[in-house]
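Engineer:
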Amino acid sequence: MAQRSSPAAVAERIAAVDWAAPWELAASHAGSRPRLLMEYQRRMGLWARALGLRSPVTFFDLPERVAPGVRADPELVARVEAGWAGHYLWEPVRSSCLWALHWAAVREAGLGGFPGEGLTGARRAALAEPFDPLLAAYERGGGFHRDCSGAFIDLELCAVPYRPWRDRLPPADPITTTDPAALDALDAADTARRAAEGAPGARSAADGRSG
Numbered sequence: 001m002a003q004r005s006s007p008a009a010v011a012e013r014i015a016a017v018d019w020a021a022p023w024e025l026a027a028s029h030a031g032s033r034p035r036l037l038m039e040y041q042r043r044m045g046l047w048a049r050a051l052g053l054r055s056p057v058t059f060f061d062l063p064e065r066v067a068p069g070v071r072a073d074p075e076l077v078a079r080v081e082a083g084w085a086g087h088y089l090w091e092p093v094r095s096s097c098l099w100a101l102h103w104a105a106v107r108e109a110g111l112g113g114f115p116g117e118g119l120t121g122a123r124r125a126a127l128a129e130p131f132d133p134l135l136a137a138y139e140r141g142g143g144f145h146r147d148c149s150g151a152f153i154d155l156e157l158c159a160v161p162y163r164p165w166r167d168r169l170p171p172a173d174p175i176t177t178t179d180p181a182a183l184d185a186l187d188a189a190d191t192a193r194r195a196a197e198g199a200p201g202a203r204s205a206a207d208g209r210s211g
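Each residue of the sequence shown is one higher than the one before, counting from 1 in full-length UniProt numbering.
1) Let me know if P68 comes out buried or exposed under the rule of 16 or more other beta-carbons within 10 Å of its beta-carbon.
2) Could you tell me whether the segment 68-85 touches the segment 8-16, using the rule of 3 or more Cβ pairs below 8 Å?
3) When burial is assigned at 16 or more other CB atoms within 10 Å of the CB, is A151 buried or exposed?
4) When burial is assigned at 16 or more other CB atoms within 10 Å of the CB, is R140 buried or exposed?
5) Does DSSP classify I175 as helix, strand or coil?
6) Could you check what DSSP says for P68 in three-state terms: helix, strand or coil?
7) Considering only residues of the same chain and omitting the five flanking positions on each side of A109, which have a CB-CB separation below 8 Å?
8) One question on the structure: do T191 and G31 come within less than 8 Å of each other, judged by their Cβ atoms?
9) Can you give the Cα-Cα distance for Y88 and P133, rounded to whole angstroms?
10) Express the C-alpha separation of T58 and A181 in angstroms, rounding to a whole number.
11) Note down the Cα distance separating L25 from D187, rounded to an integer number of angstroms.
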């Protein structure tokens with residue numbers, strides 16, 4: 001945990017997201033964004049399993065489950081919500097931004113060890129920060145939505161299956177860092193792959209579809 005993850009820093013990070021990101025931005029990050037979304041799903045699945053949650057969904061209020069009643073400062077919440085003005089965003093996108101903010105408040109309150117939940121030692125060490133990959137995905141191209149079939153989360157130029165969190169375990173290739181340079185490398189590899197396939201407009205291989 002660094003300043004980047006304080007409630008104020010998280011609010012600033014979310015407020016800086018371009019929710020009307022141009023097509024070119026999403027296109028330039030078509031390699032990293034689906035991977036980041038899948039990594040978020042994987043991490044939330046690990047948290048859900050560790051907490052013994054029965055819900056199959058990957059979008060849920062984790063901070064409320066861990067520390068009921070611990071919420072971020074209302075002024076920070078209002079700042080985040082103000083950034084949505086004039087933008088249509090899928091409800092899980094809005095909710096997840098607030099959950100990330102509340103999660104920062106939980107950590108700031110010194111509840112990161114969660115002894116009451118028995119998440120200590122090796123079990124706790126195996127649980128990575130849950131919301132960082134998702135915020136990184138937003139920073140690299142705005143939001144996303146569920147497609148018409150209901151089976152995929154659509155990121156415009158790429159998509160990932162909308163699956164229960166149990167289907168994300170174990171990971172095939174987890175993302176261990178959201179450092180921009182590492183994510184840029186994923187984008188470069190994706191661009192090279194699509195160029196080699198001769199399909200510059202293809203959707204990400206993460207979903208098995210082409211467009």
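All C-beta atoms, glycine included, are put in the ideal place defined by N, C-alpha and C. Keep in mind that this is a model prediction, so the values were computed, not measured.
Structural biologist: Here's the rundown:
1) exposed
2) yes
3) Answer is exposed; the Cβ neighbour count stays below 16.
4) buried
5) coil
6) Here P68 sits in coil by DSSP.
7) A67 and V70
8) yes
9) 22 Å
10) Looking at the two C-alpha atoms, the distance is approximately 27 Å.
11) Take the alpha-carbon of L25 and the one of D187: they are about 11 Å apart.
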